[in-house]
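Residue numbers (UniProt numbering): 5 to 315. This report concerns only the one structure given below.
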Ligand code: FAQ
């Protein structure tokens with residue numbers, strides 16, 4: 005009966021045994037996972053666009069090959085995550101449509117433009133850096149397929165973070181113009197990167213329940229603090245200045261104190277009014293329409309093969 009199923013589910017959580025697709029799980033747990041995993045998948049796919057913007061303009065062949073590989077990795081991450089979501093009984097097609105209509109979210113960070121080559125450095129360093137901070141604990145998330153997908157994704161994200169930081173290091177060893185370009189990219193991406201971790205704990209609707217279910221292993225503010233602590237020394241090492249006048253090492257806490265995030269901007273971007281929201285969705289919709297004939301042809305081919313096998 006239901007009480008026994010619930011008790012078995014809770015016992016598995018308690019013992020850190022993964023919940024698997026065929027296991028009984030509360031509806032709300034399933035719904036939360038579908039929400040988070042699908043939004044995560046949409047972020048990977050939309051996240052290809054800001055960097056895709058620079059593939060044709062990378063400064064040399066090596067940079068181009070690396071950037072191309074990185075963007076392709078993000079496509080792969082999206083695919084693993086959609087597959088993990090499908091194991092919960094959700095439809096990939098519907099979920100993607102929900103993103104297109106604005107019903108399902110994707111990470112706020114991808115609604116900012118990438119204006120210069122240095123932005124490829126800032127995105128890899130900060131956006132992938134923030135992604136790793138959030139995703140490494142997700143390797144221990146309670147839902148098996150999500151946790152396993154995260155292992156490979158995190159390995160690739162650490163390469164992405166290093167390639168971004170390496171771009172920043174190279175620029176900071178360059179001309180005054182290159183240094184200024186790197187600083188400008190940091191100025192524009194720092195605060196949006198901090199926003200990736202989500203609302204403050206006080207305003208996070210899902211955190212407590214997700215921690216109880218061991219979906220999330222840390223709160224948004226805990227991860228944001230870990231990111232600031234790890235990133236500030238990296239900026240200092242190469243001569244970059246974090247654009248926050250309130251940033252200061254707090255000896256007593258053993259952490260950096262940092263300024264207040266512009267939450268108004270965060271909610272504006274999350275609700276669809278960021279600088280590039282409309283452009284991102286329009287690009288995804290066009291990709292869906294342009295690729296329709298390929299999917300139709302593949303389906304027709306599969307049907308034909310099936311019919312041949314049956315006859
Ligand atoms: N943007 O109660 P909470 C990547 C929404 S990394 C937009 O705190 P939760 C790699 C949230 O969905 C980026 N919306 O929610 C890459 C909820 O709305 P809902 C993707 C946000 O779920 C790098 C509401 O606010 N990573 O793609 C944001 O407990 C470079 C209340 O928030 C993941 O998705 C935001 N920043 O915590 C790719 C990681 N923050 O759903 C290409 C997995 C919050 O009720 C290039 N996800 N919201 O309508 C998570 O860890 C969590 O879902 C959080 C949010 C931490 C994002």
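Ideal Cβ placement from N, Cα and C applies to all residues, glycine included.
Through-space distance from residue 197 to residue 221, alpha-carbon basis: 20 Å
Where residue 242 sits in the DSSP three-state scheme: coil
Near the ligand FAQ: residue 199 beta-carbon under 7 Å from a heavy atom: yes
Closest Cα partner of residue 209 within the set 224, 195 and 218: 224
Option in 43, 310, 113 and 121 with minimal Cα separation from residue 188: 121
Stretch-stretch touch, CB-based, cutoff 8 Å, three pairs: the stretch 125-135 with the stretch 161-180: yes
Residue of 99, 204 and 250 minimising C-alpha distance to residue 3: No answer is possible for residue 3: it lies beyond the span of the chain, which begins at 5 and ends at 315.
Neighbour-count burial assignment, residue 284, 16 or more Cβ in a 10 Å radius: buried
Which of helix, strand or coil DSSP assigns to residue 277: helix
Span of the alpha helix (DSSP H), counted from its first residue to its last, around residue 150: 148-176
Counted within 10 angstroms of its Cβ, other Cβ atoms place residue 155 as buried (16 or more) or exposed: exposed
7 Å CB neighbourhood of residue 143 in its chain, flanking five on each side removed: 151, 154, 155 and 158
Assigned exposure category for residue 49 - 16 Cβ within 10 Å defines buried: buried
Extent of the continuous alpha helix (DSSP H) to which residue 191 belongs: 180-199
Exposed unless 16 or more other CB atoms sit within 10 angstroms - verdict on residue 7: exposed
Neighbourhood of residue 255 by C-beta distance below 7 Å, restricted to the same chain and skipping five residues each side: none
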